[in-house]
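Here's the structure, in structure tokens; my notes come after.
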Amino acid sequence: MFAVHSLKQKRSQVSRVLSRLRSRYPISVAEVGYQDLYQRALLGISMTACTEAQVASVFRKLEDEIYTLGIAELLDTDIEYLHYGEEIH
Numbered sequence: 084m085f086a087v088h089s090l091k092q093k094r095s096q097v098s099r100v101l102s103r104l105r106s107r108y109p110i111s112v113a114e115v116g117y118q119d120l121y122q123r124a125l126l127g128i129s130m131t132a133c134t135e136a137q138v139a140s141v142f143r144k145l146e147d148e149i150y151t152l153g154i155a156e157l158l159d160t161d162i163e164y165l166h167y168g169e170e171i172h
């Protein structure tokens, strides 16, 4: 996280990111790790959709949105698809 020097500043920035993502995309998102480190945040994001392509499209937009905010850099992403019922393509 850029220009963050305390946990209070980090919480403010993370809250801003979470609010913005929630308001613009059909997702659930929360800070799920590194709560005690002011220079790093771990976000967990989930989404329900009919196809993997829909999820992939939204997640690409999420990455772009985070870059556009300019307050943090993505160090890593990990996407897992869970299928229920009939096979989804």
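Per the numbering used here, residue 84 is the first one in the sequence shown, and the count goes up by one each step. Even for Gly, the Cβ is constructed at its ideal location relative to N, Cα and C.
{"Item": "Let me make sure I understand the geometry here. Which of Arg-94, Arg-105, Met-84 and Tyr-117 has the alpha-carbon closest to that of Lys-144?", "Value": "Arg-105"}
{"Item": "Need the endpoints of the beta strand (DSSP E) that Ser-111 sits in, please.", "Value": "111 to 116"}
{"Item": "Is Lys-179 buried or exposed, if buried means 16 or more other CB atoms sit within 10 Å of its CB?", "Value": "Residue 179 falls outside the range modelled here, since the chain spans only 84 to 172, and no answer is possible."}
{"Item": "Taking only the alpha-carbon atoms, compute the straight-line gap between Asp-119 and Leu-90 and give it to the nearest angstrom.", "Value": "7 Å"}
{"Item": "Which one of Tyr-164, Ser-111 and Thr-134 has the shortest CA to CA distance from Leu-126?", "Value": "Ser-111"}
{"Item": "Is the beta carbon of Tyr-167 sitting closer than 7 Å to the one on Val-141?", "Value": "no"}
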